[in-house]
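The listed protein sequences correspond, in order, to chains G and D. Numbered by the numbering used here, the letters in the first sequence go through residues 27 to 225 in order. Numbered by the numbering used here, the letters in the second sequence go through residues 27 to 225 in order. Report on the structure given below.
Number of protein chains: 2
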Amino acid sequence: MGRRGEHSLAEIKAMALNTAIEIITQQGLAQLSARKVAKQMGYTVGTLYLVFKNFHDLVSQANAMTLDELYRHSLNYSQHAIENKVLQISLGYLQYALDNPNRWRAIFEYQMPEQEQWIPEYAEKVQKLFALVESLLVVQCPSLPSDSVHLTAHALWSGVHGICVLALTGKLQGIELEQVPDLVSLLVNNCLLGLQQQD
Amino acid sequence: MGRRGEHSLAEIKAMALNTAIEIITQQGLAQLSARKVAKQMGYTVGTLYLVFKNFHDLVSQANAMTLDELYRHSLNYSQHAIENKVLQISLGYLQYALDNPNRWRAIFEYQMPEQEQWIPEYAEKVQKLFALVESLLVVQCPSLPSDSVHLTAHALWSGVHGICVLALTGKLQGIELEQVPDLVSLLVNNCLLGLQQQD
DNA sequence: ATCAAAAACTGAACAGTGTTTATTTAATTA
DNA sequence: TAATTAAATAAACACTGTTCAGTTTTTGAT
């Protein structure tokens, strides 16, 4: 039927990303498909390939948006804390995951096709989160050498991430859901305690 | 062509599981398909459905076998350690993941179809790993109350798991691969140090 | 205003996926 | 040897991502 001109390509791209996020949120990443996105937008599949290189591109950009939200949410938690900001950002990270399980899992369970690359924004945004934790840690443990801060930030953050992963995939069967934040507190606080003892 | 009688159904099932693990090991979970398994065995797809309920069933049982190997490997590491067994089992867990990335990722990145259940063995084996860590922790921290041991074991183990996840998915960009075991040591040792300080 | 060119959009095709089922073939039993 | 049972297949179904030849509409120039 040809050009309808109702939406610009930029608008179509935005619509597609929002629709994809909607489907991920409601039905999970596994239920996302190109045709489903297109149909829900009122277009056909081919149109998506005018604004995305391929399906991987669509998913990556949708996940990048989630990663942004996740970053802002975590940052917000740390900024509203007056002490132990490292713990607070960790709890903020967990809370976003618990509140948006499907979107959170989509970020970390998406299997990148062989031979494809991450979109640049994706790697940047992951890096930004680590950097944020590192900056909070350096304030909280001023006597720690910068090499140690770097390693510790990654260890701590990976640990918090691991708790989120296992909690969201139902693999923490011996732990009640309301105890999951306690796991984060336990890990972060004891690790920090151990660090300060070394000084 | 009908019954060839070359293999019993039990043998066919074992062949399928071994073939699936082979494909996962070499090409990753994303490249696994029912037809590929069947073809590599010298059978057709339909035959697989004589011994598996569905594809989910096949993947689950293949992953359960990996989970067993992972458990034995981790147990072995802890048994050969004379002190700090909690750290050693953690490093053993990490090493298995680094040595068998595709099999390890298959366990944790497999998206269970909506409305399907884990096979019972699967949940049991995950539980067994947590229980093992908990039993080592209780020896290493005898003065810790049993409630705390339970929580701490899960927090610690999730932490170690998180490091494995991010390392294998290439999200620890600020860290060299040979430093990853250091991350595990840092997390585990500092957390244990913090715990002992609380006593 | 008319016509050509460019851009937007579709629909159908392709190879692949998991799954089901009628059918064929071989081994077992009577 | 004939009837029965079990093993295995081939083909179909609905779905997936991806491509591309056409069709339709808008735009730009005469």
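Idealized CB from N, CA, C, for every residue including glycine.
- For the region 102-135 of chain G, the beta-carbon criterion of a distance under 9 Å to any beta-carbon of chain D is satisfied by 131, 134 and 135.
- Only residues of its own chain outside the window of five on either side were considered, and among them 77 have a CB closer than 6 Å to the CB of residue 38 (chain G), listed in chain order.
- Taking a C-beta cut-off of 9 Å against chain D, the contacting residues of the region 186-198 of chain G are 186, 187, 188, 189, 190, 191, 192, 193, 195, 196, 197 and 198, listed in chain order.
- Flagged as an interface residue toward chain D: residue 149 (chain G), by a C-beta distance shorter than 8 Å.
- Between residue 64 (chain G) and the set G:186, G:43 and G:55, the nearest pair of CA atoms involves G:43.
- Runs of alpha helix (DSSP H) with 4 or more residues, each lying fully within the region 159-225 of chain G, are found at 172-194 and 206-224, listed in chain order.
- Of all residues in the region 37-68 of chain D, only 53, 54, 55, 56 and 57 place a beta-carbon less than 9 Å from a beta-carbon of chain G.
- Counted as a single uninterrupted DSSP element, the alpha helix (DSSP H) harbouring residue 104 (chain G) occupies residues 81-105.
- Taking 8 Å as the CB threshold, residue 223 (chain D) lines the interface with chain G.
- For residue 47 (chain D) against residue 188 (chain G), the beta-carbon gap comes to about 25 Å, at or over 8 Å, which does not count as contact.
- Straight across, the Cα-Cα distance linking residue 220 (chain D) with residue 41 (chain G) is about 49 Å.
- When secondary structure is reduced to three states using DSSP, residue 136 (chain D) falls in the coil class, being assigned neither helix nor strand.
- Taking 8 Å as the threshold, the shortest C-beta distance from residue 89 (chain G) to chain D does not fall below it.
- The residue among D:138, D:184 and D:137 with its C-alpha nearest the C-alpha of residue 155 (chain D) is D:184.
- For residue 110 (chain D), the closest C-alpha among the options D:211, D:205 and D:142 is that of D:211.
- The shortest CA-to-CA distance from residue 87 (chain D) to any of D:133, D:125, D:68 and D:106 is the one to D:133.
- Burial is judged here by how many other beta carbons sit within 10 angstroms of a residue's own beta carbon; residue 45 (chain D) has at least 16 and is buried.
- In the DSSP assignment, residue 114 (chain G) falls within the unbroken alpha helix (DSSP H) covering 111-125.
- Closest in C-alpha terms to residue 172 (chain G), from the list G:160, G:181 and G:182, comes G:160.
- Residue 108 (chain D) counts as exposed, since fewer than 16 other beta carbons sit within 10 angstroms of its beta carbon.
- Pairing residue 136 (chain G) with residue 93 (chain G) gives a Cβ-Cβ distance that is not under 8 Å.
- Of the residues assessed, residue 216 (chain D) falls on the buried side of the cut-off, its CB having 16 or more other CB atoms within 10 angstroms.
- Residue 114 (chain G) and residue 101 (chain G) have their C-alpha atoms roughly 9 Å apart.
- For residue 180 (chain D), same chain residues with a beta-carbon under 7 Å away, outside a window of 5 residues either side, are 156 in chain order.
- Ranked by Cα distance from residue 144 (chain G), the first of G:36, G:70 and G:84 is G:84.
- Assigned with DSSP and collapsed to three states, residue 35 (chain D) falls in helix.
- The residue from G:112, G:80, G:205 and G:124 with its alpha-carbon nearest to that of residue 138 (chain G) is G:80.
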